[in-house]
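Chains as they are written, first to last, in the numbering used here: chain A, 333 to 720; chain B, 333 to 720.
2 protein chains.
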Amino acid sequence: MTDPRVAGVGLTPFGELSERTGRDLFAEAGLAALDDAGVDPDDVEALYYGNFMGELAEHQGHQAPLMAEAVGLDVPATRYEAACASSGAAVREAVKTLRNGESDVALVGGTERMTNIGTAAATDALAIAADDLYEVRAGMTFPGAYALMARAYFREFGGTREDLAHIAVKNHEHALPNEYAQLRTEITVEDALDAPMVADPLGLYDSCPITDGASAAVLVSEEYARHHDLTAPVAVTGTGQGGDNLALHDRAHYARTPAATEAAEEAYADAGVEPGNVDLAEMHDCFTIAEVLALESLGLYEHGEAITAARDGETHATGALPVNLSGGLKAKGHPVGATGVAQVISIAKLLEGEGSWADEVGDADTGIAHNAGGTVASTTVHVLEVVE
Amino acid sequence: MTDPRVAGVGLTPFGELSERTGRDLFAEAGLAALDDAGVDPDDVEALYYGNFMGELAEHQGHQAPLMAEAVGLDVPATRYEAACASSGAAVREAVKTLRNGESDVALVGGTERMTNIGTAAATDALAIAADDLYEVRAGMTFPGAYALMARAYFREFGGTREDLAHIAVKNHEHALPNEYAQLRTEITVEDALDAPMVADPLGLYDSCPITDGASAAVLVSEEYARHHDLTAPVAVTGTGQGGDNLALHDRAHYARTPAATEAAEEAYADAGVEPGNVDLAEMHDCFTIAEVLALESLGLYEHGEAITAARDGETHATGALPVNLSGGLKAKGHPVGATGVAQVISIAKLLEGEGSWADEVGDADTGIAHNAGGTVASTTVHVLEVVE
């Protein structure tokens, strides 16, 4: 058993791309990944694909074979749906299959179209990641759910809207040089605090945007990489998955996400690393508070300690633990089904010493990606390391 | 590497259950499977779950953690969506994971609610398994697509509506003693031929019904079964998956389903069996013609030969190769996301010598289940064998 390598990656720009179809977006990302990897497309053995709201946004389910065809691949293709963790689930499955020697080359990726249906319909579509009977019909939306989590956090551990604003400012700054990012605008703490309230205490800048986009990566076995002389120094060395009750009211705590802890503990053990080994992280910051909860649940901070990490510069590109150097969901954008793979891409590029902020990151050799669905009812965590 | 055993199974009745929620249906099937298996629910390590149209029929995505909770399990849960092959894809993943020693106990299953939205909306929802841009917007529905496949078959190989009617009559007869089946009504060839035309040459009795229901099975490692003295003589010894272009117009032939052939060849090789070893089969007969195409694509008949199999009694319970002893999708019903696991359940029970038609089947030791999505753009094939 050896760990699969990240041989190539591809992204569309993230943003408002409502005039393009899902297949068009995924073809661009998938073909870019194959080109970047330099693998013969005929060697690809399967597509592991994430999508969340295609039924509602495009009247299109059964997308996996459609997307394989869009990339020109005649391979088995499966769609994974775990709300906003859909392509994280796809990565996990590809990693397991490659490791077990059942396959040598896999394409993983995801797509989401959201802006074509408008913000109100997209918010309604996103709500199907929550419990329809007990949350959505009572008026719950995701800004509301994460606002409850933020309030619970403030009550238990302290924290202020200004602490959260520093996270938004940091992630917007991180997105500035990212040519794929949706929101490449510098903001200040005052901008964030003065912005319209979405769901108290979360304002506009605490919330990720509605985004279209696609992501893809070619994962190969170590044997294949060696045999084909591929430049693929980064491996996925750890994978973990956790689950929790779907509805927030069924949780013991609103300010903790134990599914992420389960996933992280599995991934750390799988990779043979400790939280202290992690040099950089992509955390699922659909809202600013989510970055705090993730850092704590993954053991990168003690509970109650991550709320000030951005304010203190610790999670900035120049800090001890850079978080969301891509801009995160907050500023890079969050095309739901594409996000999990996009996080892996960000970590892989930085570990290879490429992309924006690579100079600041320096000789980092271990990164982690945390992808979460709903109010963290589904989570995958992947550890990536430089292995040669 | 050892093959996982089918330790326990559970089904809801299949039919019109529109007053029940999806979670209620899956809880019934899942708890029945756990009870039948006699395993400690705390031993279950993951849920592999299939669902197709929850977003449209229940405004509920992200169903896997919801369904884990409904069964009382605090485990990672992933949804697989491959149109009508969704829970076949879930079975495949569970089998791979158990085989590789990563896990000892898995719950697999699926649910679909369809009747609550009515036949017209369900037909529209089913259409998202086809290509929305190039098929659905042009008016294509699945009865229409399979009618094209039937016409192409008749043109290339010959065959009549009466040949298809014999398949419907057989599967209705098979469903008669199945207490879970939706259509327990005996029909004649004349009934089928006189029924309203749906899409020429397919009439009402060539088409499976719209169905609500859930299915679940507990799969365990051979080691776990032995250690816990479980009665689980049937193993999943082969798994295969195939993919094809989503749209029918992108296929070389309308009367062949190469994705099923790919999946079958992989599954046969995996199990170390030949088509000639197969004693009984569950084929994905969403329409009568689909049973013909499946039998041929799986190598159980030569191309052009399966059209008369039912007429000649060969695929009847008393024939050489009993097909769809459960009643098939045609008469048992087709709650889409539940179908793949329900097929596995039917085969497993018969191989254990239980259930309706077990006496006719006698000492069968090898069965096969073929689950197909769309116009067979996604397919899984599983081989089950009596191993002790």
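Quick reminder that beta carbons are idealized off the backbone N, C-alpha and C, glycines included.
Query                                                                                                                                                                     : Result
Using 8 Å for Cβ pairs, my map puts Thr569 of chain B next to Ala603 of chain B. What's the rounded Cβ distance?                                                          : 4 Å
Which residues in chain B sit within 9 Å of Ala549 of chain A, going by Cβ to Cβ distance?                                                                                : By Cβ distance, chain B contributes nothing, its closest Cβ being about 19 Å from Ala549 of chain A, past 9 Å.
Can you find a CB in chain B that lies within less than 8 Å of the CB of Ala409 of chain A?                                                                               : yes
Mind checking Glu628 of chain A: buried by the 16 CB within 10 Å criterion, or exposed?                                                                                   : buried
Closest Cβ-Cβ distance between Gly307 of chain A and chain B: below 8 Å?                                                                                                  : In the structure as shown, chain A starts at 333 and stops at 720, and residue 307 of chain A therefore has no counterpart that could be examined.
Taking beta-carbon pairs under 9 Å, can you tell me which members of the stretch 530–546 of chain B lie near chain A?                                                     : none
Any C-beta of chain A within less than 8 Å: which residues of the stretch 625–655 of chain B qualify?                                                                     : none
Please report the residue range of the beta strand (DSSP E) in which Met529 of chain A lies.                                                                              : 529–531
Ignoring anything shorter than 4 residues or poking outside the stretch 545–574 of chain B, list the alpha helix (DSSP H) runs there in chain order.                      : 554–559
Do Lys502 of chain B and Ala704 of chain B have their beta-carbon atoms positioned less than 8 Å apart in this structure?                                                 : no
Would you kindly report the start and end of the unbroken alpha helix (DSSP H) that includes Asn503 of chain A?                                                           : 493–507
Can you check which of these residues, B:Asp372, B:Thr410, B:Ala359, is closest to Gly382 of chain A by C-alpha distance?                                                 : B:Thr410
Please classify Asp335 of chain A: is it buried, with 16 or more other beta-carbons within 10 angstroms of its beta-carbon, or exposed?                                   : buried
Reducing DSSP to helix, strand and coil, say where Gly608 of chain A ends up.                                                                                             : helix
Could you tell me which chain B residues have their CB closer than 7 Å to the CB of Leu578 of chain A, listed as they occur along the chain?                              : His394, Pro397, Leu398, Glu401
Using 8 Å as the Cβ pair cut-off and three pairs as the minimum, do the stretch 425–442 of chain B and the stretch 546–555 of chain B touch?                              : yes
How do the stretch 601–616 of chain A and the stretch 472–491 of chain A stand: do at least 3 beta-carbon pairs fall below 8 Å, yes or no?                                : no
Closest by CA to Ala579 of chain A, which one among A:Ser350, A:Tyr466, A:Phe384, A:His394?                                                                               : A:Tyr466
Going by DSSP, what residue range makes up the beta strand (DSSP E) through Tyr381 of chain A?                                                                            : 378–382
Tell me the rounded alpha-carbon separation between Glu684 of chain A and Met615 of chain A.                                                                              : 19 Å
Would you say Val655 of chain B and Glu623 of chain B are within 8 Å of each other, going by their C-beta atoms?                                                          : yes
Do you know offhand how far Pro391 of chain A's Cα is from Gly442 of chain A's?                                                                                           : A small fix is needed here, since residue 391 of chain A is His in this sequence, not Pro. Those two C-alpha atoms are separated by around 17 Å.
Since Leu349 of chain A contacts Leu357 of chain A with CB under 8 Å, what's their CB separation in whole angstroms?                                                      : 7 Å
Should Glu413 of chain A be flagged as near chain B, meaning a C-beta pair shorter than 8 Å?                                                                              : yes
Helix or strand or just coil, what does DSSP make of Ile700 of chain A?                                                                                                   : strand
Could you spell out where the alpha helix (DSSP H) holding Ala359 of chain B opens and where it closes?                                                                   : 354–369
Can you give me the C-alpha to C-alpha distance between Gly636 of chain A and Ile499 of chain A, rounded to a whole angstrom?                                             : 15 Å
Counting along the chain, where does the alpha helix (DSSP H) carrying Val693 of chain B start and finish?                                                                : 690–693
My output table needs one value for His581 of chain B: the three-state DSSP class, helix, strand or coil.                                                                 : helix
Nearest-angstrom Cα distance between Phe486 of chain B and Pro533 of chain B?                                                                                             : 10 Å
Should the stretch 447–458 of chain B be regarded as contacting the stretch 559–576 of chain B, the criterion being three or more beta carbon pairs within less than 8 Å? : no
Under 8 Å, Cβ to Cβ, is there at least one residue of chain A near Gly575 of chain B?                                                                                     : yes
Following the continuous beta strand (DSSP E) through Thr443 of chain A, name the residue where it begins and the one where it ends.                                      : 437–444
Kindly indicate if chain B contains any beta-carbon less than 8 Å away from that of Glu390 of chain A.                                                                    : yes
Name the residues in the stretch 415–434 of chain B whose C-beta lies less than 8 Å from a C-beta of chain E; which are they?                                             : Looking at the structure shown, chain E is missing, and the protein chains on hand are A and B.
With the cut-off set at 8 Å, would you say Leu653 of chain B and His702 of chain B are in Cβ contact?                                                                     : no
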